[in-house]
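S.K.: In the numbering used here, the protein residues as written are 42 to 182. Quick reminder that beta carbons are idealized off the backbone N, C-alpha and C, glycines included. Please read these numbers as outputs of a predicted model, since none were measured by experiment. Right, I'll just put the structure down here and ask away after.
Right under this line is the structure:
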């Protein structure tokens, strides 16, 4: 995936570069919590982009939370996943293919609880914004 762009955002760029250099997400953390690396196609550009997100896993599926730290708008990668739901997720050393779908209702509530358990700041981020923070469930392809 040589044509994948790294984020210009400092900490995101640094975390992604560390994963690419070591070949694994093992030992790479944000605020003391493990992360996974997504490869998402941009909604408008069509370019592939790396996005590190908090690790929320259950029985082989994952959740990714479009929190953007509680900002009033969704992160750019949210729109990429909506436009191109087939993504690559790397947890450890091996990237795997997944299909993303936005969760709602009881399924979202269950995954939200798992997400907050994995990264308690999500609850605080939800309080900071008027939007319902989107949550995608990623199932193996």
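1) How many angstroms separate the CA atom of residue 71 from the CA atom of residue 52?
2) Which residue wins for smallest C-alpha separation from residue 182, given the options 85, 92, 103, 66?
3) How far does the beta strand (DSSP E) with residue 138 in it extend, from its first residue to its last?
4) Under three-state DSSP, which class holds residue 183?
5) Note down the Cα distance separating residue 43 from residue 60, rounded to an integer number of angstroms.
6) What is the rounded straight-line gap between the Cα of residue 84 and the Cα of residue 68?
7) To which residues of the same chain is residue 133 closer than 7 Å at the C-beta, ignoring the five residues directly before and after it?
M.R.: Reading it off the structure:
1) 9 Å
2) The residue with the shortest Cα to Cα distance from residue 182 is 103.
3) 136-143
4) With the chain running from 42 to 182 in the structure shown, residue 183 is simply not present.
5) In this prediction, residue 43 scores a pLDDT of 49, lower than 50, which makes its location untrustworthy; no coordinate-derived value is stated.
6) 30 Å
7) 65, 66, 67
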